[in-house]
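Everything on this sheet refers to the single structure shown next.
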Amino acid sequence: MALPLVREEDDLHTMPRTAALSADFPEPGELVAESLADCVLSGWLIERADIWTYLRPPLEERRIQGWKLHVSATVLSAPWVLQACLPILLASSAQFKFASTAVDVLKLNDFQCPRGNSGKFITVYPPDRDSLLELAEKLHEATIGLSGPAILSDARYRKGSLVHYRYGAFDGYRMLTNDGGYRDCVLDENGAPVEDRRPGHFQPPSWLLDPFGREVTATVTSVLLRDRYEVTRVVRHANKGGVYRALDRETGREVIVKEARPHVGTDREGLDARDYLRHEGFVLRHLAGTGLVPEYVDLLEQQEHVFLIEEYLDGERFRDRVDGILRSGDGQLDTAECAALAGKLARLLRGLHQRGVVVRDFTPNNLLTMPDGSVRLIDLELAAVRAGSPAEWIVLGAGSGTPGLSAPEQFACVDPDPAVDLFSLGATLLHQIAHVNPDFAEDLPEVRPLEERVAEWLAPPLTRPLSRTLSRVIKGLMRTEPTERMSLAEVIELTETPAPSLTRSRELLWSPEQWDELVEGALGHLTETAAAESEPRPWPETGFGELNEPCSVQHGLAGTLAVLAKLSENDMHVDRLYDIVLPRILRHLDGRHHRLPGLYFGFSGTAWALYDAGRVLGRPELIDRALRLVKSLIMAWPNPDITHGLSGLGTCFLYLAGETGDAELARRAVRCAESILAAANPGPDGLMWTIPMSFDSDLAGYRSYGFAHGVAGIGAFLLAAAGAAGREDFADAARRCGDTLLTASSIDTGATHWPDCPGASRAPVWWCNGSAGIGTFLCRLYAETGDERYLEAATGAARAVMATRHWAGTAYCHGLPGNGDFLLDLAGATGDQTYRVWAESIAQLMWARRIYRNGRAVLPDEGGKDITSGFGAGISGQLAFLARLKFGGRRLFHPDPSTWRDGVSPERSGTRSERR
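Taking the UniProt record's numbering, the leading residue of the sequence shown gets 1, the next gets one more, and so forth.
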């Protein structure tokens, strides 16, 4: 039986579990269903959109922006807050909305909710200032005594009130930014658009006075808690409260301060973040002197916030420590050290279990490796402590945990059991040592049980070679049935004398059947799941992608269209998907004038895709539309890069000029190259480009070596322009780009890496920033010049890709497909089929990451959980690589080398009907 903790700070008692622990939360609208039905009869319009229920009055006044009101609530108080507010709002004729379901309210109050969104249960759009003032007072009076969190982005109407206010968009003004994304804006005093930001603090527009006549309080620059703890640094901000480093003035020691805000993360029993932090303090006191966790220092309350003060540990995050072991250039594991780490974790858990503690959140994020090699556990808010009899526990957060790392039964609200920590130990080892995310996307319906999926992941060559001991330990711990999990004693015994031999690698067998299942599964999934024709996007996108232009390449339909053209010119039947994609692109282009030049985030990639579709389908009107679109794009542009700027536009000009013989397009490509050369910033780092700080872009000031935003992508365009125009100055600049990259490189056990920008410590291996993208340029430069230095660096980049392939995701931009396409480039540049075999091993790893939806094999996107359609992070980019692996041909949306050595350059293809 699990016993929750009562709210008293120092007198920790237990109480029986209540029925509320397993009951459903009350729905926000359950007390006002009749009133909502009546207001419809009075002419109000009620609509559901996303998480919101909108109520619009019969005579609605539309406003772009203004002062709005928010009313906060917890998941338990929401029905009563809505019941109190609804009559006032209906009488006011102000438009408003509320979070539709209890799950929606939970998300808005969750510990990890973005701070600018948190707590906003009801949003009211008053039609004028008088209504604002009247509604604020009436809503405040109606909700006195009800609970709800402070809304961080707003100002509170009165101390302790649930009513808050801020200035922002009503209908709003949506603007396409220079980066290809859409930004919600308000208009300033001059009518210019300004982003409607929602930071985690009140930040009203500078051109407006507070409607309630209050002055904005100055930002607090120093904090002293209980006249003792002086906050010196913010570690992180979160919705539940911040984490800070502080000086303990009494002892002179550094401490950690953890904050909990009132009414955040309220659970079924009415407990919130403060109770969880108090409970964590109790667990630390229980484990005092063990050396397993930070030492407890103090617990205090100030202005309803609770602060836990604990020992500062000068340790390294466990995940960073293991990454350091894993990311050696040759891709090999230090078997003995990994086994030793596994043994340390097992002994840590044994020590906790012996003291009556079940962790319930044993994850890589909650572990620190100390300078002496020991491991400590932090963040114990979910830990259960035995309370007297074996069946009684002091515990909070029934049903909580970390997906993939917590045992499956933990989410079913079972009583605490040490067996849940055994599962988490295995999942932590799988995540950190095998570098596999155990939060597997589900097969729907289930095709493979958990044990089968874990075993498949641990089978070589799908993971790095593990010792047989570690493989046995992980599989023994990650069992669905708690009683079948390996004991800590066995884990400790095995890791003290690990088997020295590694699991043997086997020959890669990338089969046509795997290709068929992945490609046909993806195409079938897209066909089956397309949204109604009225929706601008037929398929979901990533959270970031949803904010971007829906007809671009990276996160839009242009990438999908180009891949469909590639597949259909190789006699694959995708006509139904053309019918889903093409009308949406054309309708969107008809709706407004588009001028962004970028190849991936602008509209030159859209023109490329339209041209390919027109050529393959034999539709000259699409070709004409593509040429008119690309000629309308802006050429005076401060960003020189491939994805957003002039190099991408120039690359498209070169492609279409080569396809059509249009001399004007060729001249435009030359102008792009000349503008890029004029903007170069040669210096001690070599030939570089800086996106101007004055440019309204999130990339302003950025200097990069990578393909997407920097030297490699720009160099690849200049090299192609040199070949097309016969311009030696372009060729010389491309060689200088190559030399810049050679100077910036570093070699670790044969693998070549580059920082993503000068002075950075991070050295990624992706297409966008890192080895795969830089290698993409260097192998082209080698093919044109024959300079072995460029070949050596490119082959080193390929070794970096292979050394890190086991933890790469499925995104083209920063994962396996983009890396695999580079390996095909290298095979083409050298004629060495080794690199094609390596590309097939990349495809094999993609196959290992498959999930099943309605019996079809599909690949999740960059997050590993969802299926999205975009080129940069989803299905379209995955298909682009797989299609090229099978059919050959040029690499989509890249400058085409004039010389390949194994015939991967495309034959000139006609329409689909002509080829038949």
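Ideal Cβ placement from N, Cα and C applies to all residues, glycine included. This structure is a prediction, so every number in the text was calculated from the model and none was measured.
CB contact flag (residue i, residue j, <8 Å)
i	j	result
I46	L59	no
A441	L879	no
G713	S647	yes
R762	D821	no
I492	R347	yes
L146	I88	no
D756	Y705	yes
residue 973	S675	Past the edges of the chain, shown from 1 to 916, lies residue 973, and the structure says nothing about it.
L235	Y244	Residue 235 is actually Val in this sequence, not Leu. Contact flag set, yes.
R115	L90	no
E392	Y276	no
F307	L225	yes
L133	P193	no
Beta-bridge pairing of residue i - partner residues as DSSP gives them
i	result
I774	Answer is none; I774 lacks a bridge partner.
G168	G66
W52	A49 and A99
E195	C185
R233	R245
S147	None; S147 has no bridge partner.
G614	DSSP lists no partner for G614.
residue 918	Examination of residue 918 is not possible in this model, given that the chain is present from 1 through 916 alone.
I309	V257 and D298
I842	DSSP lists no partner for I842.
A751	D748
Alpha-carbon to alpha-carbon, residue j and residue i
i	j	result
A721	Q554	23 Å
D698	G181	10 Å
A751	A288	46 Å
A339	P364	16 Å
L352	S406	17 Å
S35	V81	14 Å
A150	S161	8 Å
H753	A793	9 Å
T497	L477	18 Å
A142	Q203	27 Å
W838	L823	7 Å
G401	D729	59 Å
S876	G864	15 Å
E914	E456	Only weak support is given to the placement of E914: the predicted model assigns it a pLDDT of 38, under 50, and the value that follows is read from those uncertain coordinates. So the alpha carbons of these two residues sit roughly 45 Å apart.
G329	E310	Summary for G329: the model assigns pLDDT 46, below 50, so the residue's position carries little reliability; its value from the coordinates is reported in the next sentence. The straight-line gap from Cα to Cα measures roughly 38 Å.
Environment of residue i [buried if 16+ CB atoms lie within 10 Å]
i	result
R667	exposed
M846	buried
P16	Interpretation of P16 is limited by its pLDDT of 29, a score under 50 that renders its predicted location unreliable; the figure taken from the coordinates is listed afterwards. With fewer than 16 Cβ atoms within 10 Å of its Cβ, P16 is classed as exposed.
E862	buried
M693	exposed
Q65	buried
R615	buried
M370	exposed
G874	buried
H593	exposed
P445	exposed
A23	At A23, the pLDDT of 47 sits below 50, so the modelled position is not reliable; the number obtained from the coordinates is stated separately. That one is exposed.
V163	buried
I634	exposed
E784	buried
DSSP-derived helix/strand/coil call for residue i
i	result
E517	helix
N109	coil
K240	coil
T868	coil
N819	helix
E254	strand
T123	strand
R350	helix
M688	coil
A434	coil
W393	strand
I851	strand
Proximity test, residue i beta-carbon vs the ligand NAD heavy atom, cut-off 7 Å
i	result
G855	By its list of ligands, the structure shown contains no ligand whatsoever, and the ligand NAD lies outside what it can speak to.
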